[in-house]
Amino acid sequence: MSYQPSPGLHHVTAISGDPQINSRFYTETLGLRRVKKTVNFDDPGTYHLYYGDRYGQPGTALTFFALANVAAGRAGVGEARELTWHVPAGTLDAWAARLEAHGVAYARMLRFDTPRLVARDPHGFSFALVEAEQGAACPWPDSPVPQPEQIGGFAGIDIASQAPAATREVLEAVLGYRSEREDSDWQRYVATGPTATASYIDLALQATAQPAGTGHGSVHHVAFRAHDRDHQAELAAAARRLGLHPTPVIDRQYFESVYFTEPGGVLFEIATDGPGFGVDEDETELGRALRLPPQYEPRRAAIEAELPALD
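Written out as structure tokens, the structure reads:
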């Protein structure tokens, strides 16, 4: 590979229902910080909520389009599913107790001999927790979760591909991932390079043939990191060499994005690490007030009137 591979996952965007229920779960139950309260830049009548560590650093940000009048998603091929976070070593039992105390059903499972807690949020989004040696790099001081137990960031995400061989080629030839291990159910790809995070992609080897259906609990897209615009351009060029069709660069205010649908049916994004969520509000105020991009500020009153109430 003549260019630097992607360092790993940037963010994951999913679909939720009621935004208040969504926000309370992620901030109160899981203890993440809501780092941005904005709108879907392509649909300003819909909240776009971001959760992560203290600063919402790349590799920690889970985001949601809050769509109240949408049915539940349907599991199948052509989707990403089950995001996994890492938590500090020795805290999985504490997390099991926390989920139980908040009325969240969970299962204890093993994957590649690693214990994991698997659960769903109130709108059906599947997530898992695994232990890792590293703790949260930037813990949130106001989290209801004690700092030694706070979620650290993404460990990885699962993909059920319509075309597994072609998805493997994208992971390897475009993003620079490499196959690390495999069993009868999963093939694990890991990010490479000197600045890579531990974010993996687990390809399902026993996925149902039923196509996935988008709705509450579904992953909308998976974003991979690019250090800057030049790095993003290199990754996009690699996608074009495989016959894929990345979009032009789109300004998302907090990062710049390029999108393409990989052959397995999953929407991938290549997002720059900067400028970050502090570009339009002070770090102490992140996620509190509704932030709008410049093109929507003249319509603020109408947009606020259309959006549901959200603390």
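Take the sequence shown: its letters are residues 15 to 325, numbered as in this note's numbering.
All C-beta atoms in this analysis are idealised placements derived from N, C-alpha and C, irrespective of residue type, glycine included.
Values in this document were obtained by computation on a predicted structure and should not be read as measured data.
As assigned by DSSP and simplified to three states, the class of residue i
{"i": "Asn-54", "result": "strand"}
{"i": "Ser-37", "result": "helix"}
{"i": "Arg-68", "result": "coil"}
{"i": "Ala-169", "result": "strand"}
{"i": "Asp-127", "result": "coil"}
{"i": "Pro-260", "result": "coil"}
{"i": "Tyr-273", "result": "strand"}
{"i": "Val-293", "result": "helix"}
{"i": "Arg-314", "result": "helix"}
{"i": "Ala-240", "result": "strand"}
{"i": "Ala-319", "result": "helix"}
Minimum Cβ-Cβ distance from residue i to chain C less than 8 angstroms
{"i": "Cys-152", "result": "Among the chains in the structure shown there is no chain C, since it carries only a single protein chain."}
Terminal residues of the beta strand (DSSP E) in which residue i lies
{"i": "Glu-96", "result": "93-102"}
{"i": "Ala-108", "result": "No beta strand (DSSP E) contains Ala-108, which is instead part of the alpha helix (DSSP H) from 106-115."}
{"i": "Val-159", "result": "Element bounds for Val-159: n/a, residue is neither H nor E."}
{"i": "Val-26", "result": "23-30"}
Where the alpha helix (DSSP H) containing residue i begins and where it ends
{"i": "Ala-150", "result": "That residue, Ala-150, is in no alpha helix (DSSP H); it is neither H nor E in DSSP."}
{"i": "Leu-249", "result": "243-255"}
DSSP beta-bridge partners of residue i
{"i": "Leu-63", "result": "Lys-51 and Phe-78"}
{"i": "Glu-145", "result": "Val-101"}
{"i": "Arg-305", "result": "Paired residues: none, contrary to the question."}
{"i": "Asp-287", "result": "Note: Asp-287 sits in no beta bridge, so no partner."}
{"i": "Ala-119", "result": "Paired residues: none, contrary to the question."}
{"i": "Ala-86", "result": "His-230"}
{"i": "His-137", "result": "Partner(s): none; His-137 has no beta bridge."}
{"i": "Val-132", "result": "Ala-121 and Ala-142"}
{"i": "Leu-281", "result": "Thr-275"}
{"i": "Asp-265", "result": "Glu-270"}
Environment of residue i [buried if 16+ CB atoms lie within 10 Å]
{"i": "Glu-297", "result": "exposed"}
{"i": "Ala-237", "result": "buried"}
{"i": "Gln-246", "result": "buried"}
{"i": "Gln-148", "result": "exposed"}
{"i": "Leu-63", "result": "buried"}
{"i": "Glu-270", "result": "buried"}
{"i": "Ser-232", "result": "buried"}
{"i": "Glu-276", "result": "buried"}
{"i": "Tyr-17", "result": "exposed"}
{"i": "Asn-83", "result": "exposed"}
{"i": "Asp-172", "result": "buried"}
{"i": "Val-49", "result": "buried"}
Within the region 171-233, ranges of the alpha helix (DSSP H) (whole runs, at least 4 residues): 178-187
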